[in-house]
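S.K.: Protein sequence lines correspond, in order, to chains A and B. If you're matching positions, the first sequence starts at 627 in the numbering used here and goes up one per residue. If you're matching positions, the second sequence starts at 627 in the numbering used here and goes up one per residue.
2 protein chains.
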Amino acid sequence: MSNKTGGPVKVAFQGANGAFSEEAARKLLDCEIETLACRSFEETFSGVSSGAADCVVAPIENSLAGSVHKSYDLLQEHDLQIIGELNLRIVHNLIAAKGVELSDVRRVYSHPVALAQCERFLASLSRVEALPAYDTAGSVKMVLETARPDEAAIAGAEAAKVYGGVILAEGIEDNAQNYTRFLLLTRTARIAAIKVRPTSGPRKTSIVFRVANRPGALFKSLAAFALRDIDLSKIESRPIEGRPWEYSFYLDLIGDSNDPRVERSLSHLEELAESVRVLGCYTADDNCS
Amino acid sequence: MSNKTGGPVKVAFQGANGAFSEEAARKLLDCEIETLACRSFEETFSGVSSGAADCVVAPIENSLAGSVHKSYDLLQEHDLQIIGELNLRIVHNLIAAKGVELSDVRRVYSHPVALAQCERFLASLSRVEALPAYDTAGSVKMVLETARPDEAAIAGAEAAKVYGGVILAEGIEDNAQNYTRFLLLTRTARIAAIKVRPTSGPRKTSIVFRVANRPGALFKSLAAFALRDIDLSKIESRPIEGRPWEYSFYLDLIGDSNDPRVERSLSHLEELAESVRVLGCYTADDNCS
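Dropping the structure here:
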């Protein structure tokens, strides 16, 4: 592994260079890093599982758009541990090639979530079509490569820097309470080797569990935490493949998995659930929370 | 309104003609209908709120991909009532213009969820690029309009009929346990005028509520149902705009909202929650459940 020999830590992220995930990687890690741009979320997790990368930075939820389904599913499919969390303020910008004026723009490319978050701004421009792309920074790359005089893309400021674009309008998101929560994950064997930048929040533990499909099953599961006054910060349900209308539940709870109270709540949950898995224990990011 | 004068019931749906939502509309309603194809989910709900349409058919969750966030958000933004439910088996097909052979195809268009559900099939074709589009039937329409000899689209069989395409491969989804649950919604004043096709399931009530952000709040809310042995079939959390990491909870419970036991559970929930709203009471669809 690269950092065994003192080299940079290899961090996989989804998207093109200049993506918000890459910015999150730089803020999450407290050491020299090398970022690996991947086309899909699967590639980022597989890269870490196979050892091609040391860790992965994955968006798990946005304060406006909600949970990132794909990331939740990959938490369960791969045997990685969450070791850090970051809440990144998302600032969108309209980016184009040098010489393009705001009034020239007729087509704007970006990830569908970014386009939706800039709806009011886009509606304020006349005769502009919003077109979906795989990711924000990737759409900047494409727009600058083709350099058509009437095209622009929406992405973070870093993407303009990376591809030499000009910011035509900054902070164009409709709602400023726009944060994406990113998770940092690695293989259990690598935890000690990855230096996470300290954050100021409490310890947090993330788990996933399944319960039998019977009345009161979820309620009883939550009792394991409520009866011990353990605070839950997030619950998410995801479908179980091949079992229509049955779900896995993901929970984030405030507390360290080694705290006896948390340990007892997890043992209690194991009595009640079909399966329980701890996805990681890490220091929460208090920014904006 | 059209059906006051004996005309067809106007049903709004998202997507192009031939979409799965249009098929769901025909199966959900037990009367003559006129379907209104809308580009966005917002348009479908707004159309019913404004009176331009009588009702809307909206996908709420898929058994593999999970919840449709946009539909959940629109349930809360509009004052409509859920009056019916349908579980539609989703069968994907590769559709192209006449004369195109499977081996000619180099680019396949569809909605990203449909592309993801046919990943194994697409990987089995050589040198094929998967490209995202706004919807399934709309991508068939586009591919048949441009009629390039190396392009195809993924959609339901109905889209091939509507646009005169040829099915190159049918049932190409990776997993046959592929169902989308659709909801039928209308304005309160129109409920009596809309004839819903009978289904065989039990009565179901859908609600949305918010609780104060304190330990045990969700647990106590679920107690309102668990203490009365009321079964929950779905829980979904969605972010509250402008309040990062706070959530609205959507619940589907088995029982009629006029059943005294359900009425008492909802009164109990009102004591515990900041807000509670009943989104509708309808007969569940037992197909595949």
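Glycine included, C-beta positions come from ideal geometry on N, C-alpha and C.
Between the alpha carbons of Phe875 (chain B) and Ser847 (chain B), how many angstroms are there, rounded?
M.R.: Counting from one through the second sequence, the residue named residue 875 (chain B) turns up at place 249. Counting from one through the second sequence, the residue named residue 847 (chain B) turns up at place 221. Their Cα atoms are separated by approximately 10 Å.
S.K.: Kindly list, in the order they appear in chain B, the residues whose Cβ is closer than 7 Å to that of Ala849 (chain A).
M.R.: Stepping through the first sequence from its first residue, residue 849 (chain A) is reached at position 223. Residues of chain B passing the Cβ test: Phe845.
S.K.: Going along chain B in order, which residues have a C-beta closer than 8 Å to the C-beta of Arg864 (chain A)?
M.R.: Along the first sequence, read from residue 1 onward, the residue named residue 864 (chain A) stands at position 238. Those within 8 Å of Arg864 (chain A) in chain B are Gly692.
S.K.: Should Glu658 (chain B) and Pro634 (chain B) be called a contact, given that it needs their Cβ atoms to be closer than 7 Å?
M.R.: Position 32 of the second sequence, counting from 1, holds the residue named residue 658 (chain B). Position 8 of the second sequence, counting from 1, holds the residue named residue 634 (chain B). In contact: Glu658 (chain B) and Pro634 (chain B) (Cβ atoms closer than 7 Å).
S.K.: Give a yes or no on whether the minimum CB-CB distance between Arg732 (chain B) and chain A is below 7 Å.
M.R.: Numbered from 1 along the second sequence, position 106 holds the residue referred to as residue 732 (chain B). No, Arg732 (chain B) lies away from the interface with chain A (no Cβ there is under 7 Å from its Cβ).
S.K.: Taking 8 Å as the cut-off, does the segment 635-648 of chain B touch the segment 842-862 of chain A (at least 3 CB pairs, one atom from each stretch)?
M.R.: Because the criterion of three Cβ pairs below 8 Å is not met, the segment 842-862 of chain A and the segment 635-648 of chain B do not touch.
S.K.: Distance cutoff 7 Å, beta carbons only. Does Ser672 (chain A) sit that close to anything in chain B?
M.R.: Here the question's residue 672 (chain A) lines up with position 46 in the first sequence. So, not an interface residue.
S.K.: Return the residue from the list B:Cys664, B:Val682 and B:Thr661 that minimises the CA-CA distance to Arg816 (chain B).
M.R.: Position 190 of the second sequence, counting from 1, holds the residue named residue 816 (chain B). Of the candidates B:Cys664, B:Val682 and B:Thr661, the one whose C-alpha sits nearest the C-alpha of Arg816 (chain B) is B:Val682.
S.K.: Would you give the residue range spanned by the beta strand (DSSP E) that Thr661 (chain B) belongs to?
M.R.: Residue numbering aside, residue 661 (chain B) sits at position 35 when the second sequence is read from its first letter. Thr661 (chain B) -> beta strand (DSSP E) spans Ile659 to Cys664.
S.K.: If we count the other Cβ atoms within 10 Å of its Cβ and call it buried at 16 or more, is Arg887 (chain A) buried or exposed?
M.R.: As a first step, residue 887 (chain A) is located in the first sequence; it is residue number 261 there, counting from the start. Its Cβ having fewer than 16 others within 10 Å, Arg887 (chain A) is exposed.
S.K.: List the whole-angstrom C-beta distance separating Thr806 (chain A) from Leu714 (chain A), where the pair is believed to meet the contact cut-off of C-beta under 8 Å.
M.R.: Indexing the first sequence from 1 puts residue 806 (chain A) at position 180. Indexing the first sequence from 1 puts residue 714 (chain A) at position 88. Yes, Thr806 (chain A) and Leu714 (chain A) are in contact; Cβ-Cβ is about 5 Å, under 8 Å.
S.K.: I'd like to know whether the C-beta atoms of Asp699 (chain B) and Arg823 (chain B) end up nearer to each other than 7 Å.
M.R.: By 1-based counting over the second sequence, the position of residue 699 (chain B) is 73. By 1-based counting over the second sequence, the position of residue 823 (chain B) is 197. Taking 7 Å as the Cβ cut-off, Asp699 (chain B) and Arg823 (chain B) do not qualify as a contacting pair.
S.K.: Helix, strand or coil, according to DSSP, for Glu745 (chain B) in the structure here?
M.R.: To locate residue 745 (chain B), count along the second sequence from 1; it is residue 119. Reduced to three states, the DSSP call for Glu745 (chain B) is helix.
S.K.: Using C-beta distances below 7 Å, list every residue in its chain close to Ala651 (chain A), excluding the 5 sequence neighbours before and after it, in chain order.
M.R.: Sequence index remark: in the first sequence, residue 651 (chain A) carries index 25 (1-based). Correct list, in chain order: Val637, Phe639, Ile659, Thr661 and Val683.
S.K.: How many Å lie between Ile716 (chain B) and Ser765 (chain B) at the Cα?
M.R.: Against the second sequence, residue 716 (chain B) aligns to sequence position 90. Against the second sequence, residue 765 (chain B) aligns to sequence position 139. Rounded to the nearest angstrom, the two C-alpha atoms are 17 Å apart.
S.K.: For Tyr805 (chain A), would you say it is in contact with chain B, using Cβ-to-Cβ distances shorter than 7 Å as the test?
M.R.: Residue 805 (chain A) sits at position 179 when you count from the first residue of the first sequence. True, the Cβ-Cβ gap to chain B drops below 7 Å.
S.K.: Alpha carbon to alpha carbon, how far is Glu796 (chain B) from Gly797 (chain A)?
M.R.: Stepping through the second sequence from its first residue, residue 796 (chain B) is reached at position 170. Stepping through the first sequence from its first residue, residue 797 (chain A) is reached at position 171. Their backbone Cα atoms lie some 46 Å apart in a straight line.
S.K.: By DSSP, does Val754 (chain B) sit in helix, in strand, or in coil?
M.R.: The residue you call residue 754 (chain B) lines up with position 128 of the second sequence. Correct three-state label for Val754 (chain B): coil.
S.K.: Check each candidate in B:Cys664, B:Phe808, B:Glu669 and B:Ala773 and name the one with the smallest Cα separation from Asp912 (chain B).
M.R.: Indexing the second sequence from 1 puts residue 912 (chain B) at position 286. Of the listed residues, the one whose Cα sits closest to Asp912 (chain B) is B:Phe808.
S.K.: Given Ser826 (chain B), which residues of its chain have a CB within under 6 Å of its CB, disregarding the five upstream and five downstream residues?
M.R.: In the second sequence, residue 826 (chain B) corresponds to position 200, counting from 1. Within the same chain, Ser826 (chain B) has close Cβ partners Asp912.
S.K.: Does DSSP classify Asp699 (chain B) as helix, strand or coil?
M.R.: For the purposes of this step, residue 699 (chain B) is taken as the residue at position 73 of the second sequence. Looking at Asp699 (chain B) - three-state DSSP - the assignment turns out to be helix.
S.K.: On the three-state DSSP scale, how would you describe Lys636 (chain B)?
M.R.: Residue numbering aside, residue 636 (chain B) sits at position 10 when the second sequence is read from its first letter. In the structure shown, Lys636 (chain B) sits in a strand (DSSP, three-state: E or B).
S.K.: If you follow the alpha helix (DSSP H) that Arg733 (chain B) is part of, which residue opens it and which one closes it?
M.R.: What you label residue 733 (chain B) is simply residue 107 of the second sequence in a count that begins at 1. Where Arg733 (chain B) is concerned, there is no enclosing alpha helix (DSSP H), although the beta strand (DSSP E) it sits in stretches over Arg733 to Ser736.
S.K.: Beta carbons nearer than 8 Å to chain B: which residues of the segment 825-839 of chain A have them?
M.R.: Answer in chain order: no residues at all.
S.K.: Determine, for Ala852 (chain B), whether the minimum Cβ-Cβ distance to residues of chain A falls below 7 Å.
M.R.: For the purposes of this step, residue 852 (chain B) is taken as the residue at position 226 of the second sequence. Chain A, which has a Cβ nearer than 7 Å to the Cβ of Ala852 (chain B), makes this yes.
S.K.: Taking Cβ positions only, does Cys681 (chain B) come closer than 7 Å to chain E?
M.R.: Absent here is chain E; the protein component of the structure consists of chains A and B.
S.K.: With burial defined as no fewer than 16 other Cβ atoms inside 10 Å of the residue's Cβ, what is the status of Ser736 (chain B): buried or exposed?
M.R.: Your numbering for residue 736 (chain B) matches position 110 in the second sequence. The residue is buried, with at least 16 neighbouring Cβ atoms inside 10 Å.
S.K.: Mapping DSSP to helix, strand and coil, what is Tyr760 (chain B)?
M.R.: For this step, residue 760 (chain B) is matched to residue 134 along the second sequence. It is coil, neither helix nor strand.
S.K.: Quick one: which chain B residues come within Cβ less than 7 Å of Ser689 (chain A)?
M.R.: Reading the first sequence from its first residue, position 63 is the one you call residue 689 (chain A). Under the 7 Å cutoff, chain B gives Pro865, Pro870 and Trp871.
S.K.: With a threshold of 7 Å between beta carbons, is Asp857 (chain A) in contact with chain B?
M.R.: Numbered from 1 along the first sequence, position 231 holds the residue referred to as residue 857 (chain A). Output row for Asp857 (chain A): interface = yes.
S.K.: For the segment 773-784 of chain A against the segment 716-733 of chain A, do three or more pairs of beta-carbon atoms, one drawn from each stretch, fall closer than 8 Å, so that the two count as touching?
M.R.: Touching, per the Cβ criterion.
S.K.: Name, please, each residue of chain B whose Cβ falls closer than 8 Å to the Cβ of Asn801 (chain A).
M.R.: To locate residue 801 (chain A), count along the first sequence from 1; it is residue 175. The answer, in chain order, is Glu867 and Gly868.
S.K.: Considering only heavy atoms of the ligand PLP, does any lie closer than 6 Å to the CB of Asp800 (chain A)?
M.R.: Ligands in the displayed structure: none, and consequently the ligand PLP is not present.
S.K.: Looking at the secondary structure, which residues open and close the alpha helix (DSSP H) in which Ala843 (chain A) lies?
M.R.: Position 217 of the first sequence holds residue 843 (chain A). It spans Ala843 to Ala852 - the alpha helix (DSSP H) in which Ala843 (chain A) sits, taken as one unbroken run.
S.K.: Is Leu853 (chain A) buried or exposed, if buried means 16 or more other CB atoms sit within 10 Å of its CB?
M.R.: The residue you call residue 853 (chain A) lines up with position 227 of the first sequence. Result: exposed.
S.K.: Which of the residues in the segment 737-767 of chain A, read from start to end, lie with their CB under 9 Å from any CB of chain B?
M.R.: From the segment 737-767 of chain A, only Pro738, Ala742, Pro758, Ala759 and Tyr760 have a Cβ closer than 9 Å to chain B.
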